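Following the working numbering from start to finish, the sequence shown increments by one per residue and tops out at 135.
Data block below; observations after.
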Amino acid sequence: MSQLVLFEQNQVRRVWHGEAWWFVIVDVVAALTDSANPSDYLKKLRKRDPFLSEAFKGGGQIAPPLALSFTTAGGPQKLQCWNTSGLLRLIQSIPSPKAEPFKRWLANVGYERLQEIENPEIAARRMKEIYRQKGYSEA
-3 MSQLVLFEQN
7 QVRRVWHGEA
17 WWFVIVDVVA
27 ALTDSANPSD
37 YLKKLRKRDP
47 FLSEAFKGGG
57 QIAPPLALSF
67 TTAGGPQKLQ
77 CWNTSGLLRL
87 IQSIPSPKAE
97 PFKRWLANVG
107 YERLQEIENP
117 EIAARRMKEI
127 YRQKGYSEA
């Protein structure tokens, strides 16, 4: 199953594969940069960031991108996709003002999780709040 999601005015293609969503990498780069050529931007980004370069080759600590099939205007094509973990790492490498809100969000989430490790009661309160917001009973 493939699907489009919108980030501001940009379309990001994604596909459900192996029990997770995988997102088209150049779509994410296009959404987070002002580049006229997101593929070229990604190539340059990989040259500047050795970790990303290794990840694209199948090394590193995150899952390598997968070439997954999409129907495009030019017919079926295999496009490079990354799971959520890979995309979050990619976003950290993008030197663009559009990526900054994501970077701040990642830093906040990381800080919150570290607090929860130190004090599990914080995690329990957070989970209760999430359950309540989703309409689950408090029992």
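Heads up, the beta-carbon is just placed ideally off N, CA and C, and yes, glycines get one too.
This structure is a prediction, so every number in the text was calculated from the model and none was measured.
Can the beta-carbon of F19 be found less than 8 Å from the beta-carbon of L62? As a first step, residue 19 is located in the sequence shown; it is residue number 23 there, counting from the start. As a first step, residue 62 is located in the sequence shown; it is residue number 66 there, counting from the start. Their beta carbons are not under 8 Å apart, which means F19 does not touch L62 by this criterion.
Determine, using beta carbons only, whether R9 and W17 come nearer to each other than 8 Å. One-based indexing of the sequence shown puts residue 9 at position 13. One-based indexing of the sequence shown puts residue 17 at position 21. No, Cβ-Cβ distance for R9 and W17 is not below 8 Å.
Could you pull the start and end residues of the alpha helix (DSSP H) that T80 belongs to? Locating residue 80 in the sequence shown gives position 84, where the first residue counts as 1. Its alpha helix (DSSP H) spans residues 80 to 89.
If we call anything under 8 Å between Cβ atoms a contact, is Q129 one with I118? As a position in the sequence shown, residue 129 is number 133, starting the count at 1. As a position in the sequence shown, residue 118 is number 122, starting the count at 1. Against a cut-off of 8 Å, the Cβ pair of I118 and Q129 comes out as no contact.
For the alpha helix (DSSP H) that S92 lies in, which residues bound it at each end? Locating residue 92 in the sequence shown gives position 96, where the first residue counts as 1. Note, S92: premise wrong, no alpha helix (DSSP H); not H, not E.
CA nearest to the CA of K40, picked from I126, L86, K94: In the sequence shown, the residue the question calls residue 40 occupies position 44. For K40, the closest alpha carbon among the candidates I126, L86, K94 is that of L86.
Note the first and the last residue of the continuous beta strand (DSSP E) segment covering Q7. Locating residue 7 in the sequence shown gives position 11, counting from the first residue. It spans 6 to 13 - the beta strand (DSSP E) in which Q7 sits, taken as one unbroken run.
Out of M123, F66, E15, F98, state which residue places its alpha-carbon closest to the alpha-carbon of A27. Locating residue 27 in the sequence shown gives position 31, counting from the first residue. Closest option to A27, Cα to Cα, is F98.
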